[in-house]
Amino acid sequence: MHPSLRLLTARLPAFSPTGLTGLLTHPNPRPTLIALYNHTLTLLSRLPAHSVYRQSVENLTRHRLAIISSVQPEGLEEYQQQIAALKQQHKIGTAGTTADELDIVVKQARVLLDAFASEHIPTDKNIREYHANEHRRWTYPRGTGAPPPKHGEVAQPMETAVVGGGDTTPFLPVEPPLTAEQVAEVEAQFGGGLIEEVVDQGWAELKLVSAMEEARVWEELEVVPGEGQWVGFERKP
C-alpha cells in the first residue's frame, strides 16, 4: 500500500499488505521501536565510549527514539496504568531490563502473528515466509554478559543470544494503535520509508551491535595500512 493510500484508512489493519513484497503491516510498531531502541542503547553502552560506531549509532538511535516517543496514541495514559497493574501482578518490577521490555513486545507480536498466520500458512507461501522471517529475528542477546575486554585483556566468551518472548514472558494487552495519520507523521520525520521498514532497520542494527562487539571494531588494525593505501586514484599532472 502506497504511503498516501494508507491515509485513506483511520487505522492500519495488522498484517495487511504494505505494497512492498514480503512486508506486512506491523501490529504494534510504536512499542516495538521504543523497546528496540532502548535495548540497542543498552548493548551500545557495552562498547568503549570512544568508539566511532557507538557514537554515531547512539546519536541516530536517540534521535529516532525521541521521534517515536513523542507521537502518542489515544488512550495511552489509561493503557499504561493498566499495564503497570498487570506487571505488578506478574512480578515484573520497575527494575526490569531493556531486554525484558523487548520480550514483552515480541511476545505480543508472536501471539498476534501466530493467530493470523495459522489461517494462511497451509495455503499461502508468502505468509509462510513472512512468519518464518519474523520468528528468526526474535533472537537477541540480553546485554548482561561480561563487557568487551580492554586492549591486552583476555576476551570472555560472547553472550549467547536467546529467543525472546518465550513461555516465561506473559502476554500483556497490546498498546492502542497509532492512527494512519500519526504513522505517516512518524514516517515523514524518520525519512526511512514505511514504519515497517524502520522496524526492519531497528532489528538489523540491534543484531549488528553484537557483531561489532564481537569484532572489537574500536581497536587498531592488526595490519597497519601503508601510506596512501586508502587514497583513491587521482589525476596527476
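So the sequence shown is numbered by my numbering: it starts at 33 and just counts up by one.
Just so you know, even glycine gets a beta-carbon here, dropped at the ideal spot from N, CA and C.
For T93, same chain residues with a beta-carbon under 8 Å away, outside a window of 5 residues either side, are Y69, T72, L73, L76 and E237 in chain order.
Listed as beta-bridge partners of V195 by DSSP are T171. Non-local C-beta neighbours of A42 in its own chain, meaning closer than 7 Å and more than five positions away in sequence, comprise T211 and A212, ordered along the chain. For Q120, the uninterrupted alpha helix (DSSP H) run begins and ends at L108 to Q121, by DSSP. A straight-line Cα-Cα distance of about 19 Å links Q261 and V249. Runs of the alpha helix (DSSP H) lying entirely within the stretch 37-106, each at least 4 residues long, are 61-76 and 84-102 in chain order. It is roughly 31 Å from the alpha-carbon of Q214 to the alpha-carbon of D156.
Residue burial is scored here from C-beta neighbours: L134 has at least 16 other C-beta atoms within 10 angstroms and is therefore classed as buried. Rounded to the nearest whole angstrom, the C-alpha separation of R160 and V195 is 19 Å. In this structure, Y111 places its C-beta atom within 7 Å of the C-beta atom of P208. Residue state for L253 is assigned as coil, using DSSP reduced to three classes. Cβ contact annotation for I100 (same chain, cutoff 7 Å, sequence separation greater than five): R62, L65, I66 and V218, in chain order.
Within 10 angstroms of the beta-carbon of V138 lie 16 or more other beta-carbons, which makes it buried.
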